[in-house]
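Written below as structure tokens is the structure these notes are about.
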Amino acid sequence: MNSKKLFIGSIMTLAVLILVFSLLPRTRQGTTENLFVDDLSQDACTVIMVAKNASVDGSTIATHTCDCGVCDWTWRHVDAADHKPGEMRKIYHINQYKTWPPQEGLKWDLYQNDFTGLEIPEVPHTYAYHHGMFGYMNEQQLGIGESTIGCVKKLYNNTPTPAFDITMLTLIAMERCRTAREAIQLMGSLAEKYGYGYNDGGEMLAVHDPNEIWVFEIMPVGPLWTPKSGKPGAVWCAERVPDDHVSVCPNESRIGEIDLKNKDYHMASAHVVSFAVENGLYDPKSGKSFSWKRAYSPAEGSATSTQGRRGRLWRFFNIVASSLNINPDTPDMDYPFSAKPDKKISVQDVMNMTRDRAQGTLFDRVKGLRGGPFGNPNYYGTTRTISSPTVEYTTITQCRGWLPGPIGGITWLSFGLQDTSCYMPLYAGITDVPASFKIGDHWVLNRDSARWAFDYVDFHTQVAYNAAIEDVKKAQAEWEAKAVAGIGEIDKQALELYNKSKTEGIAYLDGYCLTNADNVVKAWWKLGDDLLVRYNKLSYYDTEKRTRERNKPAYPDWWKKAIKVYDAILEPEEK
Amino acid sequence: MKAFRNFLAVISFLLLILFSSSVPAQAAVPKAKLPILTTSAGQSNDVTTVNIVLEEAGLGYDYCDVPDIDMLKAGVGLADKESGPGFHAEVNTDLAKYPKGTPYQTVIFAVGASLKGMGASGLTIETEEARLKRIIDYCKQNKICIMAVHVGGTALRGAPGSDNERMIDAVMPFADYIIVTKDSNKDGRFTTIAKSKNIPLTEIDFALDLVGIMKQVFQ
Chain S
2 MNSKKLFIGS
12 IMTLAVLILV
22 FSLLPRTRQG
32 TTENLFVDDL
42 SQDACTVIMV
52 AKNASVDGST
62 IATHTCDCGV
72 CDWTWRHVDA
82 ADHKPGEMRK
92 IYHINQYKTW
102 PPQEGLKWDL
112 YQNDFTGLEI
122 PEVPHTYAYH
132 HGMFGYMNEQ
142 QLGIGESTIG
152 CVKKLYNNTP
162 TPAFDITMLT
172 LIAMERCRTA
182 REAIQLMGSL
192 AEKYGYGYND
202 GGEMLAVHDP
212 NEIWVFEIMP
222 VGPLWTPKSG
232 KPGAVWCAER
242 VPDDHVSVCP
252 NESRIGEIDL
262 KNKDYHMASA
272 HVVSFAVENG
282 LYDPKSGKSF
292 SWKRAYSPAE
302 GSATSTQGRR
312 GRLWRFFNIV
322 ASSLNINPDT
332 PDMDYPFSAK
342 PDKKISVQDV
352 MNMTRDRAQG
362 TLFDRVKGLR
372 GGPFGNPNYY
382 GTTRTISSPT
392 VEYTTITQCR
402 GWLPGPIGGI
412 TWLSFGLQDT
422 SCYMPLYAGI
432 TDVPASFKIG
442 DHWVLNRDSA
452 RWAFDYVDFH
462 TQVAYNAAIE
472 DVKKAQAEWE
482 AKAVAGIGEI
492 DKQALELYNK
502 SKTEGIAYLD
512 GYCLTNADNV
522 VKAWWKLGDD
532 LLVRYNKLSY
542 YDTEKRTRER
552 NKPAYPDWWK
562 KAIKVYDAIL
572 EPEEK
Chain F
4 MKAFRNFLAV
14 ISFLLLILFS
24 SSVPAQAAVP
34 KAKLPILTTS
44 AGQSNDVTTV
54 NIVLEEAGLG
64 YDYCDVPDID
74 MLKAGVGLAD
84 KESGPGFHAE
94 VNTDLAKYPK
104 GTPYQTVIFA
114 VGASLKGMGA
124 SGLTIETEEA
134 RLKRIIDYCK
144 QNKICIMAVH
154 VGGTALRGAP
164 GSDNERMIDA
174 VMPFADYIIV
184 TKDSNKDGRF
194 TTIAKSKNIP
204 LTEIDFALDL
214 VGIMKQVFQ
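Protein sequence lines, in the order shown, are assigned to chains S and F. In the numbering used here, each residue carries its 1-based index in the first sequence increased by 1. In the numbering used here, each residue carries its 1-based index in the second sequence increased by 3.
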């Protein structure tokens with residue numbers, strides 16, 4: 002090709018590109034500015050909820066993708082305890098996001114330095130539970146997942162006056178409650194009495210037990226609230242997911258109109274409507290019914306208008322109920338609260354959903370040039386998918402009513418990015434969590450910290466993603482899929498022992514969960530090593546044959562063409 | 004008689020302790036003038052608290068999260084700048100009394116660092132410090148009253164050199180009046196700054212207490 006032809010070709014290509022770029026904002030995402038104006042809470046956690054008759058096995062299921070990027074990922078087990086009359090429970094301010102350097106200590110010791118000054122009467126007996134950033138599962142099969150939803154700006158109360166943050170509420174619920182309804186009533190009443198906010202604003206919790214799963218949403222009531230005012234220090238609302246439905250919360254309020262006479266499906270603080278009216282958030286004269294989300298946590302936009310930043314809501318319904326054929330232009334505020342899935346959902350389906358990158362959709366992160374030559378979904382991040390690189394860990398809490406609490410409740414836990422991680426079961430009855438789950442932070446590599454094993458694999462997967470991820474999938478099949486398939490046998494063995502002796506049943510679960518977790522962590526360190534060797538210098542080494550694949554990496558033709566086009570446009574031939 | 008003298012001595016001692024601990028924390032409320040500009044030092048959400056307090060007190064104000072001296076120079080109305088990504092501006096001043104362009108007489112800083120807030124505004128701790136220094140220098144040169152408020156408690160405090168402490172260092176020593184919640188001042192840091200710089204300081208229990216103070220200040 003001579004230089005004149007190349008020049009003309011370049012001009013034409015450039016013209017086409019300019020035309021495409023000039024059309025994109027109008028046809029797809031509104032203004033490009035919309036990509037970046039979202040509150041950062043939009044990058045936070047996703048909760049998926051499955052009610053008992055919507056799941057394959059009759060369990061209730063909730064997720065929490067703990068998306069943060071700079072937060073503490075460590076876990077703790079809290080033992081059950083008996084308390085004497087007159088004992089008091091200290092309430093602490095706990096910042097979800099705060100971490101401490103390892104040399105200063107661990108978060109779940111240091112948070113006790115921020116005592117609020119409030120002590121509430123202890124109950125005679127508190128239940129055992131596991132917690133990370135929030136309380137997740139207690140021995141009674143109370144499960145929780147969390148998503149930050151934000152609230153109307155004037156309602157934030159970031160002063161230290163309110164005693165409760167969302168984390169503390171979940172810990173108290175774990176200690177004291179057996180059912181979702183009990184937990185919602187307790188958290189709501191404590192927040193009303195002692196105030197809610199400080200480190201948190203509008204928050205959503207999925208609260209579930211073996212029978213029901215509820216969406217609980219809570220807001221502070223503004224910075225001028227004091228306990229002396231005699232007014233509630235929080236406003237909250239809860240709606241139950243119908244038993245044959247699934248639902249989702251992607252950092253957006255999900256509760257719309259409420260019917261407080263229907264107590265099996267709605268609960269709320271007594272002033273839920275009057276407070277909105279007093280604060281100009283709802284006008285009864287408008288002729289419109291009161292909507293919780295439109296009053297307290299309105300969110301603008303749709304999946305398309307935000308170029309996928311608000312795409313998780315659409316994507317969830319697209320996966321589980323594609324028959325609804327929801328248009329991605331639908332404003333998020335107009336989505337249904339829940340839906341009946343096209344097929345019943347298994348815990349493995351939920352694991353797969355947490356790994357979703359909107360593949361094959363309008364918001365596919367690897368379409369076109371986005372993923373580079375190796376189809377890496379982490380390169381080009383405009384679309385916010387359910388799986389996010391900022392995730393600290395993901396929980397899938399599962400409550401199974403046909404089993405005793407300590408065996409029926411399971412927290413499936415994966416550390417780091419879901420597509421390169423592995424879910425490990427932690428039964429509700431186990432009396433500790435693995436030592437490697439209790440330590441580590443983002444800033445110091447720690448080979449004793451489980452999370453770093455998964456980051457180690459994730460890091461080495463990025464080099465040649467589309468090849469390396471297949472190796473990771475093999476390891477997931479070996480460790481995760483087998484654990485899922487084998488859980489029935491573990492249940493059976495544990496139940497037999499438990500019926501003879503609770504202590505023996507629990508000891509069996511301790512042995513299984515801690516050994517499995519340790520084995521998975523070891524396997525992931527080895528997998529990371531193997532990936533490093535195999536994809537070293539991108540030569541795809543075969544350690545058994547002691548060869549390397551000379552034809553690797555096989556860059557796809559479209560990638561080679563893309564480079565030529567780029568060179569022609571931006572690096573014209575120099576003579 | 005001796006018993007009475009002892010009683011008086013004890014009472015005097017107790018009063019001395021009481022006043023020696025409370026006087027620095029409860030200095031006479033100084034006076035300041037309208038119009039007001041509210042802003043953040045560190046981009047925490049606490050400036051919203053200050054704005055709500057002013058509204059509750061019936062006081063108009065202009066607000067900008069990241070003003071620079073060009074906006075201070077422009078006076079009331081913030082040069083008609085409109086909010087956009089990472090930038091918020093509101094004009095709530097009574098324009099009938101203080102038309103656009105009227106020089107601000109008071110700047111209120113809500114002090115507290117938020118990585119989230121700074122990230123949203125495209126700031127780093129260093130650029131935020133530099134911006135604050137420019138504003139404070141301008142205020143000092145133009146005799147604009149600086150009020151510094153810290154109502155975020157321990158969540159907006161930290162180890163020496165941390166972002167929150169750097170924000171405190173950037174603003175508090177240059178303030179004409181400091182108001183902090185007791186939770187914020189558990190270690191007495193604000194009291195120490197106030198004493199060393201001879202700045203009146205008021206400690207409050209709740210943000211609600213700010214409402215009455217603002218009414219007094221701008222009476």
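Glycine included, each C-beta is placed from N, C-alpha and C at the ideal position.
{"query": "For I387 (chain S), the nearest candidate out of S:F375, S:H209, S:D420, S:W413 (CA to CA)", "result": "S:D420"}
{"query": "Contacts around H443 (chain S), its chain only, beta-carbon distance under 7 Å, and the 5 residues preceding and following it disregarded", "result": "V71"}
{"query": "Residues near R90 (chain S) in its chain [Cβ-Cβ closer than 6 Å; skip 5 each side]", "result": "I121, E123"}
{"query": "Through-space distance from T61 (chain S) to I491 (chain S), alpha-carbon basis", "result": "19 Å"}
{"query": "Three-state secondary structure (DSSP) of I219 (chain S)", "result": "strand"}
{"query": "Neighbour-count burial assignment, T205 (chain F), 16 or more Cβ in a 10 Å radius", "result": "buried"}
{"query": "Residues, ordered as in the chain, of the stretch 222–252 of chain S that lie near chain F by beta-carbon distance below 7 Å", "result": "G223, P224, L225, T227"}
{"query": "Chain S within 9 Å of T130 (chain F), Cβ atoms only", "result": "no"}
{"query": "Sequence ranges, alpha helix (DSSP H) only - wholly within the stretch 127–188 of chain F, length at least 4", "result": "128–144, 166–174"}
{"query": "Span separating the alpha-carbon of L515 (chain S) from that of S450 (chain S)", "result": "14 Å"}
{"query": "C-alpha distance - D166 (chain F) paired with L159 (chain F), whole-angstrom precision", "result": "9 Å"}
{"query": "CB contact below 9 Å: K154 (chain S) versus chain F", "result": "yes"}
{"query": "Alpha-carbon to alpha-carbon, A82 (chain F) and K232 (chain S)", "result": "40 Å"}
{"query": "Inter-residue spacing [alpha-carbon to alpha-carbon] between G312 (chain S) and F217 (chain S)", "result": "22 Å"}
{"query": "Cβ-based neighbour list, E168 (chain F), same chain, cut-off 6 Å, excluding 5 preceding and 5 following", "result": "G161"}
{"query": "Bridge partners - G125 (chain F), DSSP secondary structure assignment", "result": "DSSP, once it has assigned bridges, lists no residue as partnering G125 (chain F)."}
{"query": "Chain-ordered neighbours of N95 (chain F) on chain S, where CB pairs are closer than 8 Å", "result": "Chain S residues near N95 (chain F): none, gap ~13 Å exceeds 8 Å."}
{"query": "Whole-angstrom distance between E550 (chain S) and R535 (chain S), CA atom to CA atom", "result": "10 Å"}
{"query": "Within-9 Å CB hit, V348 (chain S) to chain F", "result": "no"}
{"query": "Proximity below 9 Å, CB of Y466 (chain S) to CB of N353 (chain S)", "result": "no"}
{"query": "Three-state secondary structure (DSSP) of S450 (chain S)", "result": "coil"}
{"query": "9 Å Cβ cut-off: residues of chain S touching G156 (chain F)", "result": "H94, D115, N159, T160, P161, T162, Y199"}
{"query": "Member of S:S324, S:S306, S:I256 whose CA lies at the smallest distance from the CA of A296 (chain S)", "result": "S:I256"}
{"query": "Range covered by the beta strand (DSSP E) that runs through V208 (chain S)", "result": "204–209"}
{"query": "G61 (chain F) vs K218 (chain F) beta-carbon contact at 9 Å", "result": "yes"}
{"query": "Beta carbon proximity, E206 (chain F) to chain S, threshold 9 Å", "result": "no"}
{"query": "C-alpha distance - P390 (chain S) paired with L418 (chain S), whole-angstrom precision", "result": "6 Å"}
{"query": "Residues that D68 (chain F) contacts on chain S, provided the C-beta gap is smaller than 8 Å", "result": "Going along chain S, no residue has its Cβ under 8 Å from D68 (chain F), so there is no contact; the nearest lies around 12 Å."}
{"query": "Residue-chain proximity (D186 (chain F), chain S), Cβ-Cβ < 9 Å", "result": "yes"}
{"query": "Burial state of L261 (chain S), where buried means 16 or more other Cβ atoms lie within 10 Å", "result": "exposed"}
{"query": "Proximity test, Cβ basis, 9 Å: S47 (chain F) and chain S", "result": "yes"}
{"query": "DSSP bridge partner residues for A116 (chain F) (one or two, in chain order)", "result": "F:Q46"}
{"query": "C-beta neighbour in chain F for V485 (chain S), strict 9 Å", "result": "no"}
{"query": "Close beta carbons around D365 (chain S), own chain, < 6 Å, minus the five adjacent residues each side", "result": "A359"}
{"query": "Residue range of the beta strand (DSSP E) that includes F116 (chain S)", "result": "116–122"}
{"query": "Nearest residue (CA-CA) to I139 (chain F), options F:A35, F:L75, F:D65, F:A123", "result": "F:L75"}
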